[in-house]
Amino acid sequence: MIEHRTGWVRFAAVAGIVAIAAGSLTGCGVDDGSTAGPVAACAQGFRVVSTIPRDDPAFTQGLVFVGDRLFESTGRYGESALRELDPDTLATIRSEPLPDELFGEGLAHHDGRLVQLTWREQRALVWGIDTWRPDQVFTYVGEGWGLTTDGDAFVQSDGSAVLRWRDTATFDVERELEVHDATGPITQLNELELVDGMVFANVFGTATIVVVDPADGRVVASLDLSSLVPELADDDPNAVLNGIALVPGTGELLVTGKHWPAAHRLALDTPCWP
Numbered sequence: 015m016i017e018h019r020t021g022w023v024r025f026a027a028v029a030g031i032v033a034i035a036a037g038s039l040t041g042c043g044v045d046d047g048s049t050a051g052p053v054a055a056c057a058q059g060f061r062v063v064s065t066i067p068r069d070d071p072a073f074t075q076g077l078v079f080v081g082d083r084l085f086e087s088t089g090r091y092g093e094s095a096l097r098e099l100d101p102d103t104l105a106t107i108r109s110e111p112l113p114d115e116l117f118g119e120g121l122a123h124h125d126g127r128l129v130q131l132t133w134r135e136q137r138a139l140v141w142g143i144d145t146w147r148p149d150q151v152f153t154y155v156g157e158g159w160g161l162t163t164d165g166d167a168f169v170q171s172d173g174s175a176v177l178r179w180r181d182t183a184t185f186d187v188e189r190e191l192e193v194h195d196a197t198g199p200i201t202q203l204n205e206l207e208l209v210d211g212m213v214f215a216n217v218f219g220t221a222t223i224v225v226v227d228p229a230d231g232r233v234v235a236s237l238d239l240s241s242l243v244p245e246l247a248d249d250d251p252n253a254v255l256n257g258i259a260l261v262p263g264t265g266e267l268l269v270t271g272k273h274w275p276a277a278h279r280l281a282l283d284t285p286c287w288p
């Protein structure tokens, strides 16, 4: 494992210059999907293709593949980092610690850059994927939880029932969408991943991933991963599901959780929703 701290010297020098204010909600109404009638979500089937033990379990906050490379954002004050992992063994190839005052959160890739949210610091660090330097900062209002991209925009969660689509160049909010099922809004949306045009969202504190239609915010399906939760979760309330990455070229998901001793590759059954 290689740790690099030198990038923060350069980062500190330019942070005040390149920080881009974002998150203003002026003119951004919430699309609550009111045109759609209540529809019960179906149970999405899957099978476990493989289980990969982790020798160095982390406080996983975000997980993303970029081609055949795997990156992870880890959290907690004084422990947060950006990591590159071996996709086959999950061994840490490289790690860049964050300053102690930052709590790492969701992670997404766009156009050669990794964007890493922070929890309450209202900053998103923009890393060069090969330089491993945080050479830009986006700012936003509220908390940062999960982050993914649909190719045209970032999609961000903040622990509420609302997802925000953000401009990839400025991080400005382009639209907001309330996620709901037949019973009402679904809150505590956390880690995110785009899969075949649908937003897969982990519901924090549960072993459930909901499948959200980005057109109207409806939850069309859910995955129950309770069978994968390790025994350590009985004694550690923080050991929750919190890591979803689409494995390129396979349609499979790599899932893990905070301090989980393993990650699991899942093959999804045919979508259960129409």
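Under my numbering, the first residue of the sequence shown is numbered 15, with each subsequent residue one higher.
Virtual Cβ for every residue (Gly too), placed ideally from N, Cα, C.
Keep in mind that this is a model prediction, so the values were computed, not measured.
Tell me whether the beta-carbon of residue i lies closer than 8 Å to the beta-carbon of residue j.
i, j, result
"alanine 259", "valine 140", "no"
"valine 225", "valine 233", "yes"
"tryptophan 146", "arginine 180", "no"
"glutamine 75", "asparagine 256", "yes"
"valine 63", "leucine 280", "yes"
"aspartate 144", "glycine 158", "no"
"proline 101", "alanine 276", "no"
Nearest-angstrom Cα distance between residue i and residue j?
i, j, result
"valine 155", "leucine 237", "30 Å"
"threonine 162", "alanine 175", "16 Å"
"aspartate 45", "aspartate 69", "Low confidence applies to aspartate 45: its pLDDT is 42, below 50, so where it sits in the model is not reliable, and the reading given next is rough at best. Each residue's alpha carbon lies about 43 Å from the other."
"glycine 265", "valine 209", "8 Å"
"aspartate 125", "glycine 165", "9 Å"
Where does residue i fall in DSSP's three states?
i, result
"leucine 99", "strand"
"leucine 104", "coil"
"alanine 93", "The question names alanine, yet the displayed sequence has glutamate at residue 93. Correct three-state label for glutamate 93: coil."
"alanine 27", "Note that alanine 27 scores 36 on pLDDT, short of 50, meaning its location in the model is unreliable; the coordinates nonetheless yield the value given after this. Of the three classes helix, strand and coil, the one that applies to alanine 27 here is helix, per DSSP."
"alanine 239", "Note that residue 239 is leucine in the sequence shown, not alanine. Correct three-state label for leucine 239: coil."
"glutamate 157", "coil"
Would you list the one or two residues that DSSP bridges to residue i?
i, result
"cysteine 286", "None; cysteine 286 has no bridge partner."
"threonine 163", "Phe168"
"histidine 194", "Pro199, Arg232"
"proline 251", "DSSP lists no partner for proline 251."
Using a 10 Å radius around the Cβ and a threshold of 16 neighbouring Cβ atoms, would you call residue i buried or exposed?
i, result
"glycine 211", "exposed"
"threonine 88", "buried"
"arginine 97", "buried"
"glutamate 245", "exposed"
"threonine 197", "exposed"
"proline 148", "buried"
"alanine 229", "exposed"
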